[in-house]
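Only one structure is covered here, and it is reproduced in the block below.
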Amino acid sequence: MNPDNIRIVLVNTSHPGNIGAVARAMKNMGLSRLCLVAPRQFPDEQATWRAAGALDVLEQAMVCDTLEEAIADCQFVVGTSARERRIPWPLLDPRQCAGHIAAASSREQVAVLFGREDRGLTNEELKLCNLHLNIPSDSAYSSLNLAMAVQIVCYELRMLQVADDLPVSADQDWDAPFSTVANMERFYEHLEKTLVAIGFLDPQAPRQLMVRLRRLYSRVRLDEMELNILRGILTETAKHVPRDG
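Okay, so the sequence shown: first residue is 1 according to UniProt numbering, each after it adds one.
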């Protein structure tokens, strides 16, 4: 994937604040090429204010009069669409589509088109696209803010870009080794002894207390440091238990 070959194209954006928010969304996800097709208000202080730390993306944005001009040098064009078409067109969700965008960007110029806030891209504009992208929002309220829609697509691209750097599991690079079975058994013995001593566990009618506590700690997966902390608490607790005689 080559982020420098991917441009986000906004068509006839009506609110300048949305342009600034899109610039910020792009920079969050490592994209920098913004193209504006006949924006209603730009430059504008609202765009600058909403861009926050992404002013460089805003200042470098290309402004074109027509969509054809904006994508003239592109080999692969994706259009975001919520429309149902009489003639079927390749339609993918952002995660599926991100793979196609990333692959194409390694050797081609790619454009991802976002339409007007109130009605999206026209049918004529969608005909210029190789693929259509649809964000499967809830049918009860399917309208997405422009910057949010851009953020979703850019996020999926970012995930592909950093895939090799992400941890393969939640346990990767943990700061202490996880406790061994033998040490956990010593902990359960210590726990049971302490619960009996403080009167919380009746050894004559234990019910399922220890089984449930085993299930609890097994689900959590304690590391050795956490286990030592818990055993230290048990030891200190036992010091406050009255001794017979």
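In this text, a Cβ means the ideal position worked out from N, Cα and C, and glycines have one as well.
CB of residue i within 7 Å of CB of residue j, strictly
i, j, result
"R7", "R33", "yes"
"L133", "L67", "no"
"P94", "E156", "yes"
"A54", "I19", "no"
"D223", "F187", "no"
"I71", "A104", "no"
"V241", "A197", "yes"
"T194", "L234", "yes"
Beta bridge counterpart(s) of residue i as assigned by DSSP
i, result
"T80", "L133"
"W8", "The sequence given here has Ile at residue 8, not Trp. DSSP, once it has assigned bridges, lists L34, V112 as partnering I8."
"C64", "V37"
"L91", "H132"
"G120", "R116"
Residue i (DSSP reduced to helix, strand or coil)
i, result
"I198", "coil"
"residue 248", "Nothing can be reported for residue 248, as the shown portion of the chain is limited to 1 through 245."
"C97", "helix"
"F42", "coil"
"D73", "coil"
"D138", "coil"
"D56", "helix"
Option in the options with minimal Cα separation from residue i
i, options, result
"P3", "A38, M26, R214, Q96", "M26"
"N28", "P203, T180, S14, R158", "R158"
"D65", "T80, L36, S81, P90", "L36"
"L146", "P206, V11, M1", "V11"
"G9", "P136, A82, A149, P90", "The sequence shown places Val at residue 9, rather than the Gly named in the question. The option with the nearest alpha carbon to V9 is A149."
"R40", "S81, V63, L209, S106", "V63"
"L131", "S106, L31, Q96", "Q96"
"N228", "M184, R214, P203", "M184"
Original post:
Is it true that the segment 61–81 meets the segment 89–107, where meeting means three or more beta-carbon pairs spaced less than 8 Å apart?
Top reply: yes
**OP:** Would you check if there are 3 or more beta carbon pairs closer than 8 Å linking the segment 54–63 to the segment 113–122?
**Re:** no
Subject >> At least 3 beta-carbon pairs within less than 8 Å: the segment 123–130 vs the segment 141–148 >> reply: no
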